[in-house]
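Residue numbers (the numbering used here), protein chains in the order written: chain G, 35 to 191; chain E, 42 to 452.
For glycine and all other residues, C-beta sits at the position ideal for the given N, C-alpha and C.
Right, here's the structure in full:
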């Protein structure tokens, strides 16, 4: 009986290992195969510091306090971003709450590794925000920001 | 092999080191498990996972854990060397934590969520079975009290360490820490492994008579206990997240620290109470401590419905320690009272665990649903009402199960 348990556990471990190996192999395969492009691809390269991956990236307020990561982006029918969902607060995943904020309150600074995303809201304003409960009934935290000094999303309009 | 049967002194020393082994095992396993809770969602978010994928991964974990409770119990019943089951379960934790830390790709995470779900279900009963082997049936309550004490210390320290890791280093570091903590857990098994090779330490005397699985699982008291445990968890599991979200909304900069206190303080109370609870339970019967543990829940729920002050919320949450200490001892102990000699002890434990899992899964959904429609106080009040129902069920239908039940009414 004991042996059978051992065998099952070993099989499980083996399964996990094979999966790991195949995933790794896949990663290298896709990574290294830019060689045979049958149709011509028009590749645009973005210089470092010009683009930013935002899902899971932490948002800071003006005072430099960590507000939590962006977990989702809300777009309108043209695909233009309207708001971001931020997972605020909590300890080890307990007690955090999601809040949707207006896209125009968020500043993106891809060149800054320490604080790439800033949010123009105070902690008190974020705390007072209603909880985000899915994209059906969204209440975005405004207010519509002043137009001067905005760098990024004015073309969204 | 049987040539060197240990002398009395050697056997005593072995029992002593086995007791120590159990202490440390509970400590480290509880520490490791802290990484696999709600923190998984935080970590996968930092890895750029979408909320949908994270939800899917967590559901896989939950469903696997629920589905494997009873089969895992049956498996632990069938295997003679429980320390081996524990060793493989802990190794599965190591693999899971490493995969999380090193290569969190969807397929692998789904796989290790399953692996972790299954091994959690085998490890719990294996630890209880080894406790039974080390302490014997007469002192099982005391031993379980000690288990609960060390598990709560591991839980609390683990939460603090992992919180610090996540805050100061990275969320990946939390899983590296979890993987590292599996090593001392494995070492803690060594004296226990020696023990189950010792021929005089046969964990279970042959069953008095072989009862059928169905006969054991349909025992009236076991059903009542499983039902009340399910109701208790249905009322209990959502209290911490709900109270913590309230803190995040109201408490300002200190919110995260207060939530940490909500997690750690109850563990401190478990560590203080559970050995005493274990003694009381052995000396005077199960019912007093059992009722105390259940009765704390409706009180907590009602208070949380009324109170808004962050400090008070933390203090009310700390009361959970009393319930947790009682529950941690009572679930294995009462199951052992009812099914311990049937040869289906771990299966019965898995059955009660399944009932508890059902309650826990439904709890957050139910509380969230009520909070959305009627507000947080209504959600707290409903959870309190469920807790009251569980307490009434225990008080009215659950008899004393300890050896005292033969001597007359306890307390």
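- By the 16-neighbour rule on beta-carbons within 10 angstroms, residue 51 of chain E is exposed.
- Taking 9 Å as the cut-off between beta carbons, the residues of the segment 106-129 of chain G near chain E are 106, 119, 121, 122, 123, 124, 125, 126, 127, 128, 129, in sequence order.
- Residue 138 of chain G and residue 117 of chain G have their C-alpha atoms roughly 8 Å apart.
- Within the same chain, and ignoring the five residues on either side of residue 166 of chain E in sequence, the residues whose Cβ sits closer than 6 Å to its Cβ are 114, 117, 387, 390.
- Nearest to residue 90 of chain G by alpha-carbon distance, out of G:81, G:102, G:173, is G:102.
- For the segment 80-101 of chain G, the set of positions with a beta-carbon nearer than 7 Å to some beta-carbon of chain E reads 87, 89, 90 in chain order.
- Take residue 439 of chain E, set aside five residues on each side of it, and the residues of its chain with a beta-carbon closer than 8 Å to its own are 262, 265, 266, 269, 328, 331, in chain order.
- For residue 195 of chain E, the closest Cβ of chain G is not nearer than 7 Å.
- Taking a cut-off of 8 Å on C-beta distances, the segment 175-185 of chain E does not touch the segment 194-203 of chain E, as fewer than three cross pairs fall below it.
- Minimum Cα-Cα distance from residue 404 of chain E among the listed residues E:392, E:367, E:420 corresponds to E:420.
- By the CB criterion at 7 Å, residue 129 of chain G and residue 83 of chain E fall outside the cutoff.
- Any Cβ of chain G closer than 7 Å to the Cβ of residue 89 of chain E would place that residue at the interface, and such an atom is present.
- A distance of 7 Å or more separates the beta carbons of residue 144 of chain G and residue 96 of chain G.
- Under the three-pair Cβ rule at 8 Å, the segment 425-433 of chain E counts as touching the segment 334-351 of chain E.
- Residues of chain E whose Cβ lies closer than 9 Å to the Cβ of residue 103 of chain G are, in chain order, 83, 86, 87.
- Around the Cβ of residue 307 of chain E, a 10 Å sphere holds 16 or more other Cβ atoms; the residue is buried.
- Within 10 angstroms of the beta-carbon of residue 72 of chain G lie fewer than 16 other beta-carbons, which makes it exposed.
- When the beta-carbon positions are compared, residue 124 of chain E and residue 218 of chain E stay at least 7 Å from each other.
- Contact check for residue 105 of chain E and residue 154 of chain E: beta-carbon distance about 7 Å, within the 8 Å limit, so the pair qualifies.
- Residue 333 of chain E is positioned such that its CB atom lies no closer than 7 Å to that of residue 383 of chain E.
- For residue 419 of chain E, the closest Cβ of chain G is not nearer than 7 Å.
- Using a Cβ-Cβ cut-off of 7 Å, residue 138 of chain G does not count as an interface residue toward chain E, since no Cβ of chain E sits closer than that to its own.
- By the Cβ criterion, the segment 407-420 of chain E is in contact with the segment 275-287 of chain E, since at least three pairs of Cβ atoms, one from each stretch, lie closer than 8 Å.
- For residue 55 of chain E, no Cβ of chain G is located within less than 7 Å of the residue's own Cβ.
- Inside the segment 171-210 of chain E, DSSP marks whole alpha helix (DSSP H) runs of 4 or more residues at positions 181-205, from first to last along the chain.
- DSSP lists G:122 as the bridge partner or partners of residue 131 of chain G.
- Assignment of residue 76 of chain G by DSSP, reduced to helix, strand and coil, places it in the coil class.
- Chain G places no beta carbon closer than 7 Å to that of residue 363 of chain E, leaving this residue out of the contacts.
- Here residue 148 of chain G carries a coil assignment [DSSP, helix/strand/coil].
- Residues of the segment 260-288 of chain E that bring their beta carbon within less than 7 Å of a beta carbon in chain G comprise 281, 282, 285, 286, 288, in sequence order.
- Bounds of any alpha helix (DSSP H) do not take in residue 230 of chain E, whose DSSP letter is neither H nor E.
- Annotation for residue 289 of chain E: 296 place their beta carbon closer than 6 Å to its own, counting only its chain and skipping 5 residues before and after.
- At the C-beta level, residue 398 of chain E and residue 171 of chain E stay beyond 7 Å of one another.
- Rounded to the nearest angstrom, the gap between the Cα atoms of residue 133 of chain E and residue 156 of chain E is 7 Å.
- Using a Cβ-Cβ cut-off of 7 Å, residue 80 of chain E counts as an interface residue toward chain G, since at least one Cβ of chain G sits closer than that to its own.
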